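Trainee: Those sequence lines, one after another, are chains L and Z. Position one of the first sequence corresponds to residue 235 (the working numbering), numbered consecutively onward. Position one of the second sequence corresponds to residue 92 (the working numbering), numbered consecutively onward. Built from N, CA and C at the ideal position, the CB exists for glycine as well. Note that the coordinates shown come from a computational prediction; the quantities given were computed from them, not determined experimentally.
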Amino acid sequence: MKTRLVVIFSLIALIIFLLIQFYIIINVYAVRSNEFDSKYKSVLDESMVELKRISPNTGMDSVYFYMEKTGFYSRQLFYREEGARQDSGRTQLVEAFNNIISEHELITDWISYKLDLAGLDKNIESGFRIRNLAILDRVGAIPLIYNDSIIYVSMENQHINYEEKGLLLDKFFVEYNFFTIEYEFYVDFTEKQKIIINELYVVLILISLSVFIVAIVFIFTIRNLMRQKKISDLKSDFINNMTHELKTPLSTISLATQGLANPELLKDKDQVKNLSGIIEQQSKHLTRLIDQILDVSIWEKNEIKLEKSVVDLQNFLKEKFKVFNLDNPEVSYKEFYPEEKIFIEFDEFQITVVLNNLLDNAIKYCKGKLHISLSLEKINNQAIIRFSDNGIGISSENQKMIFSKFFRVDTPLKHNTKGLGLGLFYVKSIIDAHGGTIEVESKRGTGTTFIISLPINS
Amino acid sequence: MKILLVEDERDFRNLLITFLQLQNFEIVQADDGEEGLKLFKENKIELCILDVMLPKMDGFTLGQKIRGLDASIPIIFLTARNMKEDR
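#1: Figure out for me which residue from L/Ala495, L/Ala667, L/Ser630, L/Ile288 has the closest Cα to the Cα of glycine 679 of chain L.
#2: If glutamate 302 of chain L sits next to asparagine 411 of chain L, beta carbons under 8 angstroms apart, how far is it from one beta carbon to the other, in whole angstroms?
#3: Does the beta carbon of aspartate 122 of chain Z sit closer than 8 angstroms to a beta carbon anywhere in chain L?
#4: Do you know how far the Cα of isoleucine 512 of chain L is from the Cα of threonine 671 of chain L?
#5: Mind checking who glutamine 120 of chain Z pairs with in its DSSP beta bridge?
#6: With respect to the alpha helix (DSSP H) encompassing serine 276 of chain L, which residues constitute its N-terminal and C-terminal limits?
#7: Starting from isoleucine 379 of chain L, follow its DSSP beta bridges and name the residues at the other end.
#8: Are the CB atoms of valine 674 of chain L and isoleucine 619 of chain L nearer to each other than 8 angstroms?
#9: Measuring only the C-alpha atoms, how far is threonine 521 of chain L from isoleucine 94 of chain Z?
#10: In terms of alpha-carbon separation, which member of L/Leu658, L/Ile456, L/Ile473 lies closest to phenylalanine 684 of chain L?
#11: Relative to the C-alpha of methionine 621 of chain L, which candidate in L/Leu440, L/Val408, L/Tyr571 has its C-alpha closest?
#12: Classify histidine 478 of chain L as buried or exposed, calling it buried when 16 or more other Cβ atoms lie within 10 Å of its own Cβ.
#13: If the cut-off is 9 angstroms on Cβ atoms, which residues from the stretch 101-118 of chain Z count as contacting chain L, listed in chain order?
#14: Of all the beta strand (DSSP E) runs that stay within the bounds of the stretch 543-594 of chain L, which reach a length of 3 or more residues?
#15: Residues in the same chain with beta-carbon distance under 7 angstroms from phenylalanine 558 of chain L, minus the five sequence neighbours each way, listed in chain order, please.
#16: Can you tell me which residues form a DSSP beta bridge with serine 405 of chain L?
#17: Determine the chain Z residues that contact glutamine 516 of chain L at a beta-carbon separation under 8 angstroms, and present them in chain order.
#18: Just how far apart, CA to CA, sit leucine 130 of chain Z and isoleucine 164 of chain Z?
#19: Considering only C-alpha positions, which residue in the set L/Phe454, L/Tyr257, L/Phe270 is nearest to isoleucine 441 of chain L?
#20: Could you name the residues of chain Z that glycine 177 of chain L contacts, counting a contact when the two beta carbons are closer than 8 angstroms?
#21: Can you list, in chain order, the residues of its chain with a C-beta nearer than 7 angstroms to that of aspartate 102 of chain Z? Leave out the 5 residues immediately preceding and following it.
#22: Using C-beta distances below 7 angstroms, list every residue in its chain close to tyrosine 693 of chain L, excluding the 5 sequence neighbours before and after it, in chain order.
#23: Taking the alpha-carbon positions, what's the serine 267 of chain L to leucine 340 of chain L distance?
#24: For isoleucine 631 of chain L, which of helix, strand or coil comes out of DSSP?
#25: Which residues in chain Z sit within 7 angstroms of alanine 596 of chain L, going by Cβ to Cβ distance?
#26: Quick check on threonine 671 of chain L: does DSSP put it in helix, strand or coil?
#27: Among the candidates L/Lys273, L/Ser296, L/Leu245, L/Arg309, whose CA atom is the shortest distance from the CA of phenylalanine 413 of chain L?
#28: Using 8 angstroms as the Cβ pair cut-off and three pairs as the minimum, do the stretch 494-511 of chain L and the stretch 119-134 of chain Z touch?
#29: Assess contact between the stretch 371-385 of chain L and the stretch 320-329 of chain L, defined as three or more Cβ pairs (one per stretch) separated by less than 8 angstroms. Is contact present?
#30: Indicate whether the contact test is met: 3 or more Cβ pairs, each with one atom in the stretch 446-456 of chain L and one in the stretch 238-248 of chain L, closer than 8 angstroms.
#31: According to DSSP, what are the bridge partners of leucine 608 of chain L?
#32: Taking contact to mean at least 3 C-beta pairs separated by less than 8 angstroms, is the stretch 661-671 of chain L in contact with the stretch 469-489 of chain L?
#33: If you measure from the beta carbon of leucine 489 of chain L to each beta carbon in chain Z, is any gap under 8 angstroms?
#34: Is any beta-carbon of chain Z found at less than 8 angstroms from that of threonine 680 of chain L?
#35: The alpha helix (DSSP H) with serine 296 of chain L in it runs from where to where?
#36: Kindly identify the DSSP beta-bridge partner or partners of isoleucine 685 of chain L.
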């Protein structure tokens, strides 16, 4: 439970971290953008001041000249035409005024030149917006554009949708004899975004790198945490089991001893033999268990020491099975041996333990009547022992884990079968120490086969 | 008095039976949970002694089922586990 909380909180912390990084980037961009604007604006302002000094009409002399001429001749339109024809004329007139500005204004070139001089990027897009325009006459003013709308006589006024972009350069209002106009000039920096991002390159890379590193560290830490938790769970499980496993023979011994103190039971000679036999057997069992635990912990630190001797493998296996069969007559078994004898060098005691472990497991995890089959063959320079049972089998996910220390398959059976989770770990360690291999083939519900391969040293 | 004893460790079970018989109790024995439940239904039991770790059906489940069949029968559980989690 606690682990899950830790993971959730860490995840939230990571997300907050990422959001903060994002926020930082946006903020830095905004700051740079303002910096950009003010730097460029100051140049623009200075340039306009200088331009006005040089030319009182801000270089628009030609523009106003042409506008005056257009205004003069356009009056005819309003007297001669009416209705739709006049409106179409109005549209053309508005277009004409716009064109005059576009073709004859000098501001754009001047600004470009000034920006270049200042060492700044001169890629600008300039434009203007006519807010109000009227033709003047003796009679009065004839509005063409009023508050951003083209005025028509026979139809609805058309609102001009000006794009409000860029920096406002200046507002102009002039009145001549035949026209009056109010318009704005703006400048848009087309390369602004590119320039800013270019400056931010290093920052962006550093931030991406830090996010990447944090994410990786996070993933590793969480994985580690999960692994540690698993190991700690396995260990406490093991300790629980070990306690039970050790206490069970001890309680039997204790009970038997109490029996020996009972005068009624002491009278019966057979009982006495029985009780002392139980004490001896349980003590041996206890010793075996403790040895198993000790061996496994010693192996952590040192290498496994083997006392090898040359053994006739066939005889060895036959013997062990005979003993096993005596102890467990209800198990049916088959043996298959090759024609030629196989002599192998191994530690008899340890390999006996290995076999006993496999046999114990077969009994522990059987269903119904247990049937075991053992086959031995020689392939190349290896002795292959196949040990099969018809038990409950092992699922493929668990097959990867069964040789791990402390691992026990998680089933309802877990509490009913006794075990330390050390058996197969022990088996694999011994086989590995002999330079051999052990594999498992199994299908859940059908049975399990262990395949041990031991090298035959000549 | 008939006692139901369910314990899978053969030696331990036999020892318990020896002691209980000394006290003149009649013992009905089983070495797994399923067998124990069957025997409980077939006999008139007055006391149950159940091991906690049993094959086929663990002791607690067996105890629950017996409780379901007889609300007042005394049940004694045997266990070597005394870790906090098990309590």
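Mentor: In short:
#1: Out of L/Ala495, L/Ala667, L/Ser630, L/Ile288, L/Ser630 has the C-alpha closest to the C-alpha of glycine 679 of chain L.
#2: Going by Cβ atoms, the distance from glutamate 302 of chain L to asparagine 411 of chain L rounds to 7 angstroms, so yes, they are a contact pair.
#3: Chain L contact via Cβ: absent.
#4: Cα to Cα, threonine 671 of chain L sits roughly 38 angstroms from isoleucine 512 of chain L.
#5: For glutamine 120 of chain Z, which the question treats as bridged, DSSP gives the partners Z/Leu96.
#6: From DSSP, the alpha helix (DSSP H) with serine 276 of chain L extends over 236-288.
#7: Per DSSP, L/Leu367, L/Ile384.
#8: Against a cut-off of 8 angstroms, the Cβ pair of isoleucine 619 of chain L and valine 674 of chain L comes out as no contact.
#9: Whole-angstrom Cα-Cα distance: 33 angstroms.
#10: Taking only the C-alpha atoms, the option nearest phenylalanine 684 of chain L is L/Leu658.
#11: Sequence check: residue 621 of chain L is phenylalanine here, not methionine. Of the candidates L/Leu440, L/Val408, L/Tyr571, the one whose C-alpha sits nearest the C-alpha of phenylalanine 621 of chain L is L/Tyr571.
#12: Buried is the call here.
#13: Residues are counted here when their Cβ sits less than 9 angstroms from a Cβ of chain L; for the stretch 101-118 of chain Z these are Asp102, Phe103, Asn105, Leu106, Leu107, Thr109, Phe110, Leu113, given in chain order.
#14: Complete beta strand (DSSP E) runs here, min 3: 543-546, 566-570, 577-580.
#15: If we look at phenylalanine 558 of chain L and ignore the five residues flanking it on each side, its Cβ neighbours are Leu593.
#16: Looking at the sequence itself, residue 405 of chain L is lysine, so the reference to serine does not match. In the DSSP assignment, lysine 405 of chain L forms a beta bridge with L/Glu418.
#17: Contact note: glutamine 516 of chain L reaches chain Z through Asp102, using a C-beta cutoff of 8 angstroms and chain order.
#18: Rounded to the nearest angstrom, the two C-alpha atoms are 15 angstroms apart.
#19: Closest option to isoleucine 441 of chain L, Cα to Cα, is L/Tyr257.
#20: Nothing about residue 177 of chain L can be reported from this structure: the residues present for chain L run from 235 to 692 only.
#21: Taken in chain order, the list of residues that qualify is empty.
#22: No answer is possible for residue 693 of chain L: the residues shown for chain L start at 235 and end at 692.
#23: If you draw a straight line from the Cα of serine 267 of chain L to the Cα of leucine 340 of chain L, it comes to about 27 angstroms.
#24: Checking the sequence, you will find glutamate at residue 631 of chain L rather than isoleucine. Three-state result, glutamate 631 of chain L: helix.
#25: Correct list: empty, because the minimum Cβ distance to chain Z is about 14 angstroms.
#26: If DSSP states are grouped into helix, strand and coil, threonine 671 of chain L belongs with the strands.
#27: Of the listed residues, the one whose Cα sits closest to phenylalanine 413 of chain L is L/Arg309.
#28: These segments do not touch.
#29: Counting C-beta pairs with one atom in each stretch, the stretch 371-385 of chain L and the stretch 320-329 of chain L have three or more that are closer than 8 angstroms, which means they touch.
#30: Contact check between the stretch 446-456 of chain L and the stretch 238-248 of chain L: three or more CB pairs, one atom from each, fall below 8 angstroms, which counts as touching.
#31: Residue pairing from DSSP places leucine 608 of chain L in a beta bridge opposite L/Glu569, L/Phe621.
#32: Taking one beta carbon from each stretch, the stretch 661-671 of chain L and the stretch 469-489 of chain L have fewer than 3 pairs nearer than 8 angstroms; the two do not touch.
#33: Chain Z has a Cβ within less than 8 angstroms of the Cβ of leucine 489 of chain L.
#34: Chain Z contact via Cβ: absent.
#35: From DSSP, the alpha helix (DSSP H) with serine 296 of chain L extends over 295-314.
#36: Answer is L/Arg620, L/Glu673, bridged to isoleucine 685 of chain L.
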